[in-house]
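In our numbering, the protein residues as written are 3 to 374. Virtual Cβ for every residue (Gly too), placed ideally from N, Cα, C. Keep in mind that this is a model prediction, so the values were computed, not measured. Presented below is the structure to which this report refers.
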Amino acid sequence: MVKRFIIAIILLGLVAGGLVGFNLFRDKMIADFFANMPVQPSTVSTVEAAPRRWQPTLGAIGTVNAAQGVDLTVEAAGIVREILFNSNSQVEAGQVLLRLDDVVQTADVEAARTQQDLDRLNLERARELQGRGVATSSALDAAEAAARASEAQLARATALLEQRRVDAPFGGTIGLPRIDLGQYIAPGTVVATLQDLETMRVDFSMPEQQLSFLEIGQPLHVRIQGTAHAFDGEISGIDPRVDPASRMVAVRGTIRNSSDGVRLTPGQFVRVEIDLPPEDGVIALPQTAVVTSLYGDYVYVVRPREDDAEMLEARQIFVGIGRRSDDVIEVRSGLEPGAMVVTAGQNRLSNGAPVVVDNTVNPMIRAEAEAQ
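Printed below as a string of structure tokens:
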């Protein structure tokens with residue numbers, strides 16, 4: 003009995019030892035496999051850090067207005083008899099847009115014109131009689147005064163008649179009519195808005211510290227929020243006075259509106275970029291190449307491995323960044339010209355990780371190729 007019990011214990015110990023040994027052997031083989039397994043290189047795109055021509059800009063927020071834009075109103079009270087325009091139509095300067103009830107004013111003009119004709123005839127007779135020595139000088143003076151008075155009455159009646167209509171002060175695009183036929187309107191009632199959309203102006207403000215960088219005729223670019231299209235123009239006015247409350251100076255730019263496609267509309271919110279003199283020898287990279295962390299800004303540079311020159315690896319380099327313009331960023335320190343900087347694929351990289359360069363997926367290079 004004791005002998006069988008001892009044999010069972012020995013067999014159980016052999017089985018348990020075999021299981022433990024197998025697990026240790028398996029774990030060692032798995033660790034050796036992963037330790038010796040080659041790391042698969044990551045595919046990245048790169049760009050050369052080369053000195054380039056930098057176009058510095060000043061940014062601002064502005065509001066677009068038409069170079070000429072007014073709300074058309076009436077000068078006299080009356081009932082609307084004719085609306086002579088359609089919404090969003092082009093009108094010419096001097097074109098009649100609206101007529102009020104003018105029966106009384108038209109009759110006054112005819113009466114004044116008839117009186118003027120009569121007074122002119124009387125003046126001619128008075129001059130003829132004086133030439134014969136029949137009429138006195140006082141009669142001629144009275145006839146001349148009556149003729150001038152009738153001319154003034156005709157001018158007044160004509161002016162009152164012209165107040166019964168609304169003319170376009172300049173050519174442009176007219177908006178929605180804000181009145182209806184048969185409606186009684188009072189002086190000052192807005193009939194419609196008239197905007198000249200060919201030439202636009204953008205009003206914005208700049209800090210007083212940047213006033214020395216601004217001058218008349220300086221190029222600027224306007225972009226509508228959410229679109230990449232840019233409208234080119236120039237600075238047409240700079241307020242000579244700085245606002246003492248905000249320490250800002252008012253600036254105005256003039257822009258030629260597009261004839262097709264995206265167009266500026268009065269009242270729009272836009273971003274303004276003012277061109278400064280260009281600078282040469284600036285190292286600039288796509289903004290996607292720079293990674294921001296708690297320890298600073300850094301980039302990954304692709305270099306040959308020290309132990310195998312045919313293999314490439316990524317090295318992390320901390321850099322000092324400066325100005326930004328569109329989709330590029332200035333690198334002021336930490337990067338030597340000629341370095342190959344990773345622009346896409348950094349999220350899979352670590353310091354010393356093997357990489358393979360594939361610039362067919364580089365959006366910067368693709369955009370340059372399409373532009374050429």
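Those residues which DSSP pairs with residue i across a bridge
{"i": "Phe233", "result": "Val224"}
{"i": "Ser238", "result": "Ser238 pairs with nothing; no bridge assigned."}
{"i": "Ser335", "result": "Gly322"}
{"i": "Thr175", "result": "Gln92, Gln197"}
{"i": "Ile187", "result": "Gly80"}
{"i": "Ser327", "result": "Val330"}
Bounding residues of the alpha helix (DSSP H) (the contiguous stretch that carries residue i)
{"i": "Ala154", "result": "139 to 164"}
{"i": "Asp169", "result": "Counting along the chain, Asp169 falls outside any alpha helix (DSSP H), though it belongs to the beta strand (DSSP E) covering 167 to 169."}
CB contact flag (residue i, residue j, <8 Å)
{"i": "Gln92", "j": "Asp169", "result": "no"}
{"i": "Glu308", "j": "Gly354", "result": "no"}
{"i": "Asp377", "j": "Pro221", "result": "Any answer about residue 377 is impossible in this case: the structure gives the chain only from 3 up to 374."}
{"i": "Leu100", "j": "Phe215", "result": "no"}
{"i": "Leu199", "j": "Asn259", "result": "yes"}
{"i": "Val379", "j": "Met202", "result": "Residue 379 falls outside the range modelled here, since the chain spans only 3 to 374, and no answer is possible."}
{"i": "Asp103", "j": "Ile85", "result": "no"}
{"i": "Ala291", "j": "Thr362", "result": "no"}
{"i": "Thr48", "j": "Val304", "result": "yes"}
{"i": "Ala114", "j": "Leu74", "result": "no"}
{"i": "Thr160", "j": "Val111", "result": "yes"}
{"i": "Pro58", "j": "Arg334", "result": "no"}
{"i": "Ala151", "j": "Leu142", "result": "no"}
{"i": "Asp121", "j": "Ala154", "result": "no"}
{"i": "Gly1", "j": "Gly340", "result": "Outside the modelled stretch of the chain, which goes from 3 to 374, sits residue 1, for which no answer is possible."}
{"i": "Glu332", "j": "Trp56", "result": "yes"}
{"i": "Arg350", "j": "Ser44", "result": "yes"}
Delimiting residues of the beta strand (DSSP E) encompassing residue i
{"i": "Arg55", "result": "53 to 56"}
{"i": "Thr59", "result": "59 to 75"}
{"i": "Gln117", "result": "Unbroken run through Gln117 is the alpha helix (DSSP H), 105 to 134; no beta strand (DSSP E)."}
{"i": "Met202", "result": "192 to 209"}
{"i": "Ala316", "result": "314 to 320"}
{"i": "Arg83", "result": "80 to 85"}
{"i": "Gly347", "result": "Per DSSP, Gly347 belongs to no beta strand (DSSP E) and is neither H nor E."}
{"i": "Arg258", "result": "250 to 258"}
{"i": "Glu50", "result": "44 to 50"}
{"i": "Val98", "result": "98 to 102"}
{"i": "Pro356", "result": "356 to 359"}
Sequence-distant residues of the same chain with beta carbon closer than 8 Å to residue i, five excluded per side
{"i": "Gly269", "result": "Thr65, Val66, Asn67"}
{"i": "Phe172", "result": "Gln70, Ala95, Leu196, Asp198"}
{"i": "Gln374", "result": "Because Gln374 carries a pLDDT of 44, less than 50, the predicted location of this residue cannot be relied on, and no value is offered for it."}
{"i": "Glu338", "result": "Ala51"}
{"i": "Leu163", "result": "Asp104, Gln107, Thr108, Asp110, Val111"}
6 Å Cβ shell around residue i - same chain, five flanking residues per side excluded
{"i": "Gln197", "result": "Ala68, Gly71, Gly174, Thr175, Pro268"}
{"i": "Ser89", "result": "Leu178"}
{"i": "Thr273", "result": "The displayed chain sequence assigns Arg, not Thr, to residue 273. Result list for Arg273: Arg225, in chain order."}
{"i": "Gly20", "result": "none"}
{"i": "Tyr186", "result": "Ile81"}
Residues near residue i in its chain [Cβ-Cβ closer than 7 Å; skip 5 each side]
{"i": "Val330", "result": "Ala286, Leu287, Pro288, Gln289"}
{"i": "Glu236", "result": "Gly219, Gln220, Pro221, Leu222, Gly255, Thr256"}
{"i": "Gln348", "result": "Val293, Tyr302"}
{"i": "Arg54", "result": "Val284, Ala286"}
{"i": "Arg368", "result": "At Arg368, the pLDDT of 49 sits below 50, so the modelled position is not reliable; the number obtained from the coordinates is stated separately. Contacts found: none."}
Counting only runs that start and end within the region 261 to 307, where is the beta strand (DSSP E) found for 3 or more residues in a row? Along the length of the region 261 to 307, whole beta strand (DSSP E) runs at least 3 residues long occupy 271 to 277, 281 to 288, 293 to 295, 298 to 306, reported in chain order.
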